[in-house]
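Numbering (the numbering used here), first residue to last: 7 to 510. By construction, the Cβ of each residue, glycine as well, lies at the ideal position given by its N, Cα and C atoms. Following: one structure in structure tokens, then a few remarks.
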């Protein structure tokens, strides 16, 4: 009996009383709290994941609509994607490409956000860089292009570097990059056309001959550069009579016809048959007088270039011209050619004129200048520069207009203001150099040449001009003479380089 009791006692010791209702409730509430915490901490990431997933779906739909040419619908999808996920790669990248395609100003901001993301691709950087170069945002473009060039650069990157160098005024570097692009992809028509375009702008006859050779090759293809190549050949100054006829035949084969090709063809016909110029003018006008407004503007500009102002004035009425500033400018140009300054002054006082004030002041300055009202002209030029001071593109207009009007002091002032904008500095310093040549101020020319050389250290033209001016001023003669001789040896076909070397 005692043994049974003793053997049962451990069993009784192992038993525990059931938990009370209070304990059970505590356990249940603890489990609920744990579950709530799990849900609380997990819900936010899940919610963000769902939003990002939905945003990506909107972006994908936007891509599909963009490919179908449904721009507005695509923009709405990208907008919805960015509302859900403002930093989502797909929405930003798709929106940036669409904005670039449509020329919308927000494209730069969108690409900047894409550029900051880890998903940013080489193609994204290239498209961003191309847009920046196109918009003359060259300082930002430089940073992107340098990054692209550090890795093994493809043809598109080399082409971009060439365009950037050209915009910066470094022609030698631009051609160097263009040659590398063609070497990497010999059958790439884009690279070949870029090289031809650069070479055609050079003063060296051998380089221009090389450009024509490339253009004839492209003109014989059926690619997208067939028309641009034929048009470039039509503008080439060294064409023989046979080549002009070949280009004329090529222009006639292009379809659909457009006014650019028609005007180029008319130019060639006038060159071949100058005695028939009046007939060619009238035939060209008759063919395009009822075209779109853009055609009328181009036709009027062409006639003004050919000193046919009376024909321009007969093309359209003043009332029609006032509806489009570019068309109105062609009328003012025609009146200027005819020296009808009183009529220009009357037009500039019209209340329905929609020109920017800096443009109006520039024309008033030119009118006063032609009337020999020197003080009035100076006052209007000063107003024009002041009104344009905060806008580099307005300054470019005023500077160019003053230069063409032979208002050297005003042009210098506008170019000096423009030089304060880094992305327009090269253009401005070239302008300052030209105007300083007009005034004979060698020291001002030298200062501009130093700036140009600093902006484009590999440009032989900039180096040669700097050496030339230093030699004229007898500054550091030995070093500058050595540079001049080095350039003359490297570019034996450049007469100006040989002249500089002979100064020593």
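Alpha helix (DSSP H) segment containing residue 381, residue limits: Your numbering for residue 381 matches position 375 in the chain shown. Taken as a continuous stretch (DSSP letters only), the alpha helix (DSSP H) holding residue 381 covers 380 to 394.
Secondary structure of residue 230, DSSP reduced to three states: The residue labelled residue 230 in the question sits at position 224 within the chain shown. Reduced to three states, the DSSP call for residue 230 is coil.
Residue 344 at chain C interface by Cβ criterion, 8 angstroms: Of the protein chains in the structure, only one exists, and it is not chain C.
Proximity winner among 288, 246, 422, 165, relative to residue 194 (alpha-carbon distances): The count along the chain shown starts at 1 and reaches residue 194 at position 188. Closest by alpha carbon: 165.
Own chain, CB closer than 6 angstroms to residue 220, minus 5 neighbours either side, in chain order: Numbered from 1 along the chain shown, position 214 holds the residue referred to as residue 220. Here the set comprises 198, 202.
Minimum length 3: unbroken beta strand (DSSP E) runs contained in the region 202 to 255: none
Cβ distance (whole Å) where residue 6 is taken to contact residue 129 below 8 angstroms: Nothing can be reported for residue 6: it is not among the residues displayed for the chain, which extend from 7 to 510.
Integer Cβ distance of residue 321 from residue 305, believed to fall under 8 angstroms: As a position in the chain shown, residue 321 is number 315, starting the count at 1. As a position in the chain shown, residue 305 is number 299, starting the count at 1. That pair is a contact at about 7 angstroms.
Endpoints, the alpha helix (DSSP H) within which residue 367 is located: Counting from 1 along the chain shown, the entry for residue 367 is found at position 361. Looking at the DSSP string, the run of the alpha helix (DSSP H) that includes residue 367 is 363 to 376.
Alpha carbon of residue 443 to alpha carbon of residue 64, nearest angstrom: Position 437 of the chain shown, counted from the start, is the residue given in the question as residue 443. Position 58 of the chain shown, counted from the start, is the residue given in the question as residue 64. Cα to Cα, the separation comes out at about 59 angstroms.
Neighbourhood of residue 297 by C-beta distance below 7 angstroms, restricted to the same chain and skipping five residues each side: Counted from its first residue, the chain shown places residue 297 at position 291. So the list reads 265, once near-sequence residues are dropped.
Where residue 497 sits in the DSSP three-state scheme: Sequence index remark: in the chain shown, residue 497 carries index 491 (1-based). Three-state DSSP puts residue 497 in coil, outside helix and strand.
Runs of alpha helix (DSSP H) wholly within the region 111 to 145 (minimum 4 residues, chain order): 113 to 122, 128 to 140
Of the residues 425, 413, 276, the one placed nearest residue 445, counting alpha carbons only: Residue numbering aside, residue 445 sits at position 439 when the chain shown is read from its first letter. The shortest Cα separation from residue 445 among 425, 413, 276 belongs to 413.
Contact under 8 angstroms by Cβ, residue 57 with residue 90: Stepping through the chain shown from its first residue, residue 57 is reached at position 51. Stepping through the chain shown from its first residue, residue 90 is reached at position 84. It is a contact, given that the beta carbons lie within the stated cut-off.
Separation of residue 449 from residue 483, as counted between CA atoms: Counted from its first residue, the chain shown places residue 483 at position 477. Counted from its first residue, the chain shown places residue 449 at position 443. Their backbone Cα atoms lie some 16 angstroms apart in a straight line.
Cβ pair residue 61, residue 83 closer than 8 angstroms: Locating residue 61 in the chain shown gives position 55, where the first residue counts as 1. Locating residue 83 in the chain shown gives position 77, where the first residue counts as 1. The answer is no: Cβ separation not under 8 angstroms.
Within the region 270 to 345, ranges of the alpha helix (DSSP H) (whole runs, at least 4 residues): 283 to 294, 299 to 311, 315 to 321, 324 to 327, 331 to 343
Whole-angstrom distance between residue 430 and residue 493, CA atom to CA atom: Locating residue 493 in the chain shown gives position 487, counting from the first residue. Locating residue 430 in the chain shown gives position 424, counting from the first residue. Between residue 493 and residue 430, the C-alpha separation is close to 27 angstroms.
Touching by the beta-carbon criterion (3+ pairs, under 8 angstroms), the region 267 to 284 and the region 238 to 253: yes
Span of the alpha helix (DSSP H) around residue 403: Stepping through the chain shown from its first residue, residue 403 is reached at position 397. Its alpha helix (DSSP H) spans residues 398 to 410.
Among 399, 371, 363, 375, nearest to residue 393 - alpha-carbon criterion: What you label residue 393 is simply residue 387 of the chain shown in a count that begins at 1. Residue 393 has its Cα closest to that of 363, out of 399, 371, 363, 375.
Same chain, Cβ closer than 7 angstroms to residue 237, five either side skipped, listed in chain order: Locating residue 237 in the chain shown gives position 231, counting from the first residue. Excluding sequence neighbours, residue 237 sits near 266, 267, 270.
Burial state of residue 471, where buried means 16 or more other Cβ atoms lie within 10 Å: Walking along the chain shown from the start, residue 471 turns up at place 465. By the 10 Å Cβ count, residue 471 comes out buried.
Beta-carbon proximity of residue 333 to residue 368, cut-off 8 angstroms: What you label residue 333 is simply residue 327 of the chain shown in a count that begins at 1. What you label residue 368 is simply residue 362 of the chain shown in a count that begins at 1. The answer is no: Cβ separation not under 8 angstroms.
Cβ-based burial, residue 300 [other Cβ within 10 Å; buried from 16]: Position 294 of the chain shown holds residue 300. Classification of residue 300: exposed, given that the 10 Å Cβ count is below 16.
Euclidean distance between Cα positions of residue 328 and residue 295: Residue mapping note: residue 328 aligns to position 322 of the chain shown, counting from 1. Residue mapping note: residue 295 aligns to position 289 of the chain shown, counting from 1. When rounded, the distance between both Cα atoms is 17 angstroms.
Beta-carbon proximity of residue 340 to residue 310, cut-off 8 angstroms: Within the chain shown, numbered from 1, the residue matching residue 340 stands at position 334. Within the chain shown, numbered from 1, the residue matching residue 310 stands at position 304. Result yes, Cβ atoms of residue 340 and residue 310 sit closer than 8 angstroms.
Residue 71 versus residue 59 - alpha carbon distance: To locate residue 71, count along the chain shown from 1; it is residue 65. To locate residue 59, count along the chain shown from 1; it is residue 53. Whole-angstrom Cα-Cα distance: 19 angstroms.
Pairwise C-alpha distance: residue 126 and residue 209: Locating residue 209 in the chain shown gives position 203, counting from the first residue. Locating residue 126 in the chain shown gives position 120, counting from the first residue. Approximately 41 angstroms, taken between the alpha carbons.
Minimum C-alpha distance to residue 174 - residue among 146, 410, 365: Counting from 1 along the chain shown, the entry for residue 174 is found at position 168. For the residues 146, 410, 365, the minimum Cα distance to residue 174 belongs to 146.
Assumed close pair residue 190, residue 161 - CB separation to whole angstroms, cut-off 8 angstroms: Mapped onto the chain shown, residue 190 falls at position 184. Mapped onto the chain shown, residue 161 falls at position 155. Correct: roughly 5 angstroms between the Cβ atoms.
Coarse secondary structure for residue 452, derived from DSSP in three states: As a working mapping, residue 452 is identified with position 446 in the chain shown. DSSP places residue 452 in helix when its eight states are reduced to three.
Per-residue DSSP class, three states only, for residue 509: Within the chain shown, the letter at position 503 stands for residue 509. Of the three classes helix, strand and coil, the one that applies to residue 509 here is coil, per DSSP.
Residue burial classification, residue 486 (beta-carbon count within 10 angstroms, cutoff 16): Walking along the chain shown from the start, residue 486 turns up at place 480. Result: buried.
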